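S.K.: Shown below is the structure under consideration.
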Amino acid sequence: KMVEKNSRFENSLDDLIRQSKSKKDGLWEGTVTEYLSLIHKNPKITQSAPSRVYDMVSMKGTSEVIEFEKLPHYEDMVRYNFFTEEIFGIEEVLHDLVRFFRAGASRTETGKRILILVGPVSSGKSTIAALLRRGLEKMETPIYAIKDCPIHEEPLHLVPRSLRPEFEKLLGVKIEGDLCPVCKYNLTSTERYQDHNGNYKWEDMLVVQIRLSERARIGVGTFQPSDPKNQDISELIGHVDLGKITQYGEGHPLGYKFDGEIQIANRGLIEYIEILKCDIKFHYVLITVAQEQLIKAPGFPQTYVDTVILSHTNQTEFEKFKTNKENEALHDRMYPIYVPYNLRMRDEAAIYRKLISKSEFHDKIH
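When the letters of the sequence shown are read in order and numbered with the working numbering, they come out as residues 1 to 366.
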């Protein structure tokens, strides 16, 4: 029996290893031309980051809120299944949150702001951010990027601006943004991407399917304040690659590492932890990212980034920040959502049940 048990274990182990390899090997790869065919079949694969987050939440479905009376302006409020197992008692907050993502997906001015969750300790701000990060990693809608692009950018950026109106009409999608410095260099300096007349064969550039991953630093970034004297803006916007600068020289795309948290969060979300504890210079980088979807790296033109900026802070810090006139420009570009403590007994009991069920002693409680 022991031999049989070990054999079953080894077979199960082999199956799991094979599954993990097949998932990795199953990622699509092809040319831009082939990618355009995929868009024709499923235009949703080109969706923006806010649209991706909104779909992620709404696709899990909703249920009706009937336990309590709804406040004015919340008559259409529903309970989002995406949050129901982890967040309790703050339905109004989640309603406002999803409304913001919907605005971003619709490309309205409201959606072009820095989302900031404001509330006391343990009110659920970090939990909301963690759920959104993990949710993006599990998204089933495929995402594609230009191969070897450091910021995993949308392949449609390769379409020349003069041809975009025709392609938008043909494919039924909106094309926004330009190539990052590295992809532009790869297109213009690689011989196989040029014909005998010197025209760029952008349609032959390679495209790969990607999976958003915080660990792999693909589409999910986090930024946390530390000692202002030691923290550098390069954590957000990248830095010179000292190992390659002597080979390529200053101002060369391959001599710079586009690996700042904002850059690697392209196509997804960046969580800005305790945003108001950071030096002011770290705030103003976000203004052009939120408003214009552009980020400036030293020595390069502004680069297009498509990401949701989710920040959070406590009430005291926010009130102090808000009353300082020097912060007026940044405050006007923020979209605060207040996250209070839950005050309903039923939901408080649900919170404790969740905590106990996740602990190691839950089966010992009677």
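Note that CB positions come from ideal geometry on N, CA and C, so glycine has one too.
All values reported here derive from a predicted model rather than from experimental measurement.
Spatial neighbours of Leu71 within its chain, please: C-beta separation below 7 Å, excluding the five flanking residues on both sides.
M.R.: Taken in chain order, the residues that qualify are Glu92.
S.K.: Which of helix, strand or coil does DSSP assign to Val208?
M.R.: Val208 falls in the strand class under three-state DSSP.
S.K.: Check the DSSP bridge columns for Phe223 and list the partner residues they point to.
M.R.: Its beta-bridge partners are Tyr272.
S.K.: Which residues does DSSP list as the beta-bridge partners of Pro336?
M.R.: Note: Pro336 sits in a beta bridge opposite Ile116.
S.K.: Suppose the cutoff is 7 Å on Cβ atoms and the five residues either side in sequence are ignored; what does the same chain contact list for Pro120 look like?
M.R.: Excluding positions up to five away in sequence, the list reads Asn314, Gln315 and Tyr341.
S.K.: Give the C-beta separation of Val32 and Met205 to the nearest angstrom, bearing in mind that I take them to be a contact with Cβ-Cβ under 8 Å.
M.R.: Their Cβ separation, rounded to whole angstroms, is 5 Å, which keeps Val32 and Met205 in contact under 8 Å.
S.K.: Considering only the beta carbon of each residue, do Met334 and Ile116 sit closer than 8 Å?
M.R.: Against a cut-off of 8 Å, the Cβ pair of Ile116 and Met334 comes out as a contact.
S.K.: Look up His312 in the DSSP assignment and say whether it is helix, strand or coil.
M.R.: In the structure shown, His312 sits in a strand (DSSP, three-state: E or B).
S.K.: According to DSSP, what are the bridge partners of Ala145?
M.R.: According to DSSP, Ala145 bridges with Val208.
S.K.: Is Leu254 helix, strand or coil by DSSP?
M.R.: The answer is helix: DSSP assigns Leu254 an H, G or I state.
S.K.: Can you pull the DSSP bridge partners for Arg161?
M.R.: Note: Arg161 sits in no beta bridge, so no partner.
S.K.: Checking 8 Å against the spacing of the C-beta atoms, do Ser311 and Ile275 come in under that value?
M.R.: Cβ atoms of Ser311 and Ile275: closer than 8 Å.
S.K.: Could you say which of Asp76, Glu317 and His152 lies nearest to Pro181 if we only look at CA atoms?
M.R.: The candidate whose alpha carbon is nearest that of Pro181 is His152.
S.K.: Tell me the DSSP secondary structure of Gln302 in three-state form.
M.R.: Reduced to three states, the DSSP call for Gln302 is coil.
S.K.: Leaving aside the five residues before and after Ala297 along the sequence, list all residues of the same chain whose C-beta is less than 6 Å from its C-beta, in chain order.
M.R.: Once the five neighbours on either side are set aside, the close Cβ partners of Ala297 are Ile237 and Gly238.
S.K.: Quick check on the DSSP output: the beta strand (DSSP E) that includes Tyr80 runs from which residue to which?
M.R.: From DSSP, the beta strand (DSSP E) with Tyr80 extends over Val78 to Tyr80.
S.K.: Given a threshold of 16 other Cβ atoms within 10 Å of its Cβ, counted over all protein chains shown, does Ile143 qualify as buried or as exposed?
M.R.: Buried, because 16 or more other Cβ atoms sit within 10 Å of the Cβ of Ile143.
S.K.: Report back the beta-carbon spacing between Leu171 and Leu36 to the nearest angstrom; my notes put them in contact at under 8 Å.
M.R.: Contact holds; Cβ gap of about 7 Å.
S.K.: Give the single residue among Glu75, Lys320, Arg102 and Glu34 whose Cα lies nearest to the Cα of Lys277.
M.R.: Nearest option by C-alpha distance: Lys320.
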